[in-house]
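Each protein sequence line maps, in turn, to chains V and E.
When we follow numbering that gives the first Met the number 0, the leftmost residue of the first sequence carries the number 0, and every step to the right adds one.
When we follow numbering that gives the first Met the number 0, the leftmost residue of the second sequence carries the number 0, and every step to the right adds one.
This report refers to the structure that appears directly beneath it.
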Amino acid sequence: MAKLILSMDGLVLKEIPLTKERTTIGRKPHNDIQIDNLAVSGEHAVIVTILNDSFLDDLGRTNGTVVNGNPVKKHFLQNNDVVELGKYKLKFVGEAAPAASGEKADFEKTMVLRPSAMKAAAAAAAGGGAQAAVAQRQAAVQAAAASASATGIADKDAGPKATPAPAAAPAAAPAPVAAPKPAGQPLGAIQLLSGGNAGKELELTKPLTTLGKPGVQVAVLTRRPQGYFITHVEGAKRPAVNGQEIGAAPHSLKDHDVIELAGIKMEFFLKA
Amino acid sequence: MDLTQTLEIATCTDPGMVRSHNEDSIAADPANGLVVLADGMGGYNAGEVASGMATTVIVTEMRQILSNAKPYEVDQKNKEEIAARMVREQVLKANSSIYQAAQSQPQYAGMGTTLVVCLFYDNRLLVAHLGDSRLYMSREGKFKQVTRDHSLLQEQIDSGIITPEQAKKAAHKNLVTKALGIDPTVEPEIHEYPTKPGDIYLLCSDGLCDMVDDEDIGMTLSALGGNLKLAAQQLVQMANDNGGRDNVSVILVRVLREYPGAKGVMAKVFAWLK
């Protein structure tokens, strides 16, 4: 579960787990996180936790909120973000691993939100037990996570629109973020050897670069984790690498290969 | 009307780099201008069963109906176009088939699937969708998303809780709010758009759009649009190169020429001359 670590002058004062849908921060005693300091407003900010995402909302009082050195109004909290309130610092620690709820949840599998559970949650909320509702929703999300066969359709009227089905789901894997672009591999480039632009160099930074004349002969150079490849796209004649015409499949390029395409020769090379 | 010469279609589907089996299912009927993509969910092999049922039911039923009905005609009784009605009816039929199978056989309990169906007719495109599988369009170098996901994340974006940038990092990408086969009945979202010769349409499962930026997808289509088969393979390869965490499926459809719904003899001759 995500938590906040309250510290002042590098001294850790408290760890606060984000169990509630809304965690309020302020100077007055009714706040979930009370910071008794004049630089902190009575009701200063609120952290809204939805599933395992947390958002910081500055309540627009006298004293602003600063995250990682930048003043913010609304902020999507990332692991290790530091919220500054006067002399106090709140470090946000996202959850690293699924909580001990028995089965490991596969949060990348597509699944549907259960309507029955959502309705029960709404009913409980109507009954005044907001906390119970959160717990029930948690249970619903956990149930959905535990069995990939969880089914049902989220009833659109089940919860208030402004905060759709918020729940601090303890059983959750870290966010599936698209892998970064192939990094660390040497950058490739081509240098034209013949034609009007002979000598000109082109760096191959994009995942794919097309070469040639549309309608005559076109090839594409793709940048992949394994290296660079050349593939024939269109035209009766296929491009040649080191004098050999390539096949229909992508052809792997090596340092100093000479490509011939639409009557132009060019050299492929890797930059250090 | 046979659209085989009007639409160029390329498909590619792959289990990805992590999953052991492919729960996506794709189907294309070029003659009738119909393409269907489904991303199944459910334990063991139930996801495959659900997505397979969706594509099979919709393609076979639509083929049957299109053999003696004209999609551009308007039903005089309720002023509704036949196309929209028949797509909705077949989606509902697929829904009840999956729902019943899930109810009657314990190993299929709770299975379901997302869905995107595109029907091309009369210089138009009708799209019906459920869940987070998408339709994109590339026209004159501009690439944009056509469908809007039925997902918790999309609802949060719509209500302003998070920005699309933040959504890319969110953990609950996988929660869909609508799907086929989960409830006894379902209301697919249906829209109609005019098409132009040269347009390229991309249907894909979330395995592509979660792994590859829209910008890179658009670039691939504009660079490799000349070779649709290669473009489809390239998109799947890019998803796999970026990690391939989910099954990846793509269907590419290029509109080669106009295809007006012939309304009279002259129109027919005119369409044929084109």
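All C-beta atoms in this analysis are idealised placements derived from N, C-alpha and C, irrespective of residue type, glycine included.
Nothing here was measured: the structure is a model prediction, and the numbers come from that model.
| Asked | Found |
| --- | --- |
| When Cβ atoms are compared, which residues of the stretch 21-54 of chain E fall closer than 7 Å to chain V? | D38, M40, G41, G42, A45 |
| If you follow the alpha helix (DSSP H) that V145 (chain E) is part of, which residue opens it and which one closes it? | Looking at the DSSP string, V145 (chain E) is not in any alpha helix (DSSP H), and its letter there is neither H nor E. |
| Taking only beta carbons into account, state which residues of the stretch 34-56 of chain V come closer than 9 Å to chain E, listed in chain order. | V47, I49, L50, N51, D52, F54 |
| What distance in whole Å lies between the Cβ atoms of I156 (chain E) and F54 (chain V), which are believed to be in contact at a cut-off of 8 Å? | Not really, about 13 Å apart at Cβ, beyond 8 Å. |
| Our contact map puts L2 (chain E) next to F119 (chain E) with C-beta atoms below 8 Å; I'd like the distance itself, whole angstroms only. | 6 Å |
| Going along the chain, which residues of the stretch 213-244 of chain E sit with their C-beta nearer than 8 Å to a C-beta in chain V? | D215, M218, T219, A222, L223, G225, N226, L229, Q233, Q236, M237, D240, N241, G242, R244 |
| Going residue by residue through the stretch 212-262 of chain V, where are the continuous beta strand (DSSP E) segments of at least 3 residues, counting only ones entirely within it? | 216-223, 226-233, 256-260 |
| By DSSP's criteria, K90 (chain V) is part of a beta bridge. Which residues make up the other side? | V:I4, V:V81 |
| According to DSSP, simplified to helix, strand and coil, what is V58 (chain E)? | helix |
| How about N246 (chain E) and R18 (chain E): are their beta carbons less than 8 Å apart? | yes |
| Report all residues from its chain with a CB closer than 8 Å to the CB of I81 (chain E); omit the five preceding and five following residues, and keep chain order. | A68, K69, P70, Y71, E72, V73, D74 |
| So is H171 (chain E) in contact with chain V if we call contact Cβ pairs under 8 Å? | yes |
| For K73 (chain V), tell me which candidate among V:D56, V:K264, V:V82, V:T61 has the shortest Cα-Cα distance. | V:D56 |
| Identify whether R138 (chain E) lies in helix, strand or coil by the three-state DSSP scheme. | strand |
| Is it buried or exposed, S193 (chain V), if we count other Cβ atoms within 10 angstroms and call 16 or more buried? | exposed |
| Quick one: Cα of K13 (chain V) to Cα of L152 (chain E), how far? | 32 Å |
| Does the distance from the C-beta atom of R60 (chain V) to that of S40 (chain V) stay below 8 Å? | yes |
| Jot down the residue ranges of each uninterrupted alpha helix (DSSP H) in the stretch 69-157 of chain E, minimum 4 residues, whole runs only, in chain order. | 81-103, 151-157 |
| Quick one: is V217 (chain V) near chain E, going by C-beta distance under 8 Å? | yes |
| Taking the alpha carbon of N239 (chain E) as the reference point, which residue from E:S50, E:L207, E:L251, E:G109 has its own alpha carbon closest? | E:L207 |
| Got a sec: which bits of the stretch 143-168 of chain E sit with their beta carbon under 8 Å from any beta carbon on chain V, in order along the chain? | L151, E154, Q155, S158, I160, I161, T162, Q165, K167, K168 |
| Any contact of the stretch 21-40 of chain E with the stretch 49-56 of chain E, i.e. 3+ C-beta pairs under 8 Å? | yes |
| Quick check on G140 (chain E): buried or exposed, where buried means 16 or more other Cβ atoms within 10 Å of its Cβ? | exposed |
| So R223 (chain V) contacts chain E; which residues on that side make the cut at Cβ distance below 7 Å? | D240 |
| Report yes or no: do three or more beta-carbon pairs, one from the stretch 100-108 of chain E and one from the stretch 161-171 of chain E, lie closer than 8 Å? | no |
| Between V115 (chain E) and chain V, is any beta-carbon pair separated by less than 8 Å? | no |
| Would you mind telling me which residues of chain E sit closer than 8 Å to F205 (chain V), beta carbon to beta carbon, in chain order? | Per the sequence presented here, residue 205 (chain V) reads as Lys, with Phe not at that position. What K205 (chain V) touches in chain E: M218. |
| Which whole-angstrom value describes the C-beta separation of L91 (chain E) and V185 (chain E), a residue pair presumed to lie in contact below a C-beta threshold of 8 Å? | 7 Å |
| Which residue's Cα is closest to the Cα of A178 (chain E): E:A30, E:M40, E:V254, E:M0? | E:M40 |
| Using 8 Å for Cβ pairs, my map puts G93 (chain V) next to A1 (chain V). What's the rounded Cβ distance? | 5 Å |
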